[in-house]
Amino acid sequence: MTVAMESEQDGSELAAERETPEAILIERSNRQLVQRAIDELPAHYREVLLLCEVEEMSYQQIAETLSIPIGTVMSRLARARRAIRESFKSGPEAHHVSRGVFHPQAYERGLRSV
0 MTVAMESEQD GSELAAERET PEAILIERSN RQLVQRAIDE LPAHYREVLL
50 LCEVEEMSYQ QIAETLSIPI GTVMSRLARA RRAIRESFKS GPEAHHVSRG
100 VFHPQAYERG LRSV
């Protein structure tokens with residue numbers, strides 16, 4: 000007699016069901032913090048960041064799309080990322096960050112999901 004084993008998909012569904020309400024709340028909070036930080040960026044920083052992180056364009060593609068030098072793309076991207084890091088350190092939500100609501104890994108995932 001042969002017994003069918005559960006597929007890998009079944010295992011992933013079970014893992015999703017095991018997420019606690021607290022974990023879901025923390026993830027939502029992190030996404031909101033990231034979105035707020037991105038929204039507060041000056042437009043010229045935000046557009047470069049989103050083209051790179053969301054649209055996954057290369058620096059060269061961004062430079063061509065925006066008709067700016069590649070060095071400008073690189074500096075705007077670095078400044079945008081620094082501004083986001085600083086907003087987590089000094090923003091009104093800073094007390095949440097120190098209590099563990101913000102996790103850097105979630106920040107990285109948040110940028111990719113915006």
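Residue numbers (numbering that gives the first Met the number 0): 0 to 113.
The beta carbon of each residue, even a glycine, is placed where N, CA and C say it ideally should be.
query: So, helix, strand or coil for Arg17, using DSSP?
result: In the structure shown, the three-state DSSP call for Arg17 is coil.
task: Helix, strand or coil for Ser28, going by three-state DSSP, please let me know.
output: Reduced to three states, the DSSP call for Ser28 is helix.
- prompt: Of the choices Gln59, Arg78 and Ala77, whose alpha-carbon is the least far from that of Ile69?
  reply: For Ile69, the nearest C-alpha among the options comes from Gln59.
query: Residue range of the alpha helix (DSSP H) that Val53 falls in?
result: Boundaries cannot be given for Val53, as no alpha helix (DSSP H) includes it and DSSP labels it neither H nor E.
message: Mapping the DSSP letters down to three states, classify Ser86 as helix, strand or coil.
response: Ser86 falls in the helix class under three-state DSSP.
- prompt: For the stretch 75 to 82 against the stretch 32 to 49, are there 3 or more C-beta pairs whose distance is under 8 Å?
  reply: Segments in contact, yes.
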